[in-house]
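Undergrad: FYI, in this note's numbering the residues of the sequence shown are 92 to 199.
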Amino acid sequence: MVKKITISILFCAFLNASEFDKNCLNCHGGDFKFHIIMKKYTLKYSSEKRIREAMFEYLKDPATERSILPAEYINRFGIKEKSDLDDKTLRKMIDIYYERFNLQSKLY
């Protein structure tokens, strides 16, 4: 029984990872510094709920005023395009991103 549950959990985690890879890493690539972005969100918003909501709002309607990146970065690379993911999928991708890169998971 425990073996079946473990396999199910691993399978679901793999599917979510694949979905994240398809929806996010497809454009950003493997060398994108996701942990740096998470650090900036954590410094500005501090709580998990506020971080997730700020990410969602920014990805739904990117604007310079909402960006956590420095003006120099935006001037060089531009502002991100609006996400075409539906709200449910976008929130799921943010959940996966948060679980992978939140700073608390890096503390020992």
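Backbone N, C-alpha and C define an ideal beta-carbon position, used for all residues, glycine too.
Predicted model, so just to flag it, every value in this text is computed and none were measured.
Put K183 into one of helix, strand or coil per three-state DSSP.
TA: DSSP places K183 in helix when its eight states are reduced to three.
Undergrad: With DSSP as the reference, label D178 as helix, strand or coil.
TA: In this structure, D178 counts as helix in the three-state DSSP scheme.
Undergrad: Pick helix, strand or coil for I159, following the three-state DSSP scheme.
TA: Of the three classes helix, strand and coil, the one that applies to I159 here is coil, per DSSP.
Undergrad: Hey, T155 and I142: beta-carbon distance below 8 Å or not?
TA: In this structure, I142 does not lie closer than 8 Å to T155 by Cβ.
Undergrad: Using a Cβ-Cβ cut-off of 8 Å (strictly less than) and excluding sequence neighbours within five positions of K113, which residues of its own chain qualify?
TA: If we look at K113 and ignore the five residues flanking it on each side, it has no Cβ neighbours.
Undergrad: Considering K130, what are the terminal residues of the alpha helix (DSSP H) in which it resides?
TA: Residues F125 to Y136.
Undergrad: Our contact map puts H126 next to F168 with C-beta atoms below 8 Å; I'd like the distance itself, whole angstroms only.
TA: In fact, because the Cβ distance is near 18 Å, the residues do not count as touching under 8 Å.
Undergrad: The alpha helix (DSSP H) that contains A145, what's its start and end?
TA: That run of the alpha helix (DSSP H) goes E139 to K151.
Undergrad: Measure the alpha-carbon distance for D152 versus S174 and round it to whole angstroms.
TA: Those two C-alpha atoms are separated by around 8 Å.
Undergrad: Taking only the alpha-carbon atoms, compute the straight-line gap between E190 and K179 and give it to the nearest angstrom.
TA: If you take the alpha carbons of E190 and K179, they lie about 17 Å apart.
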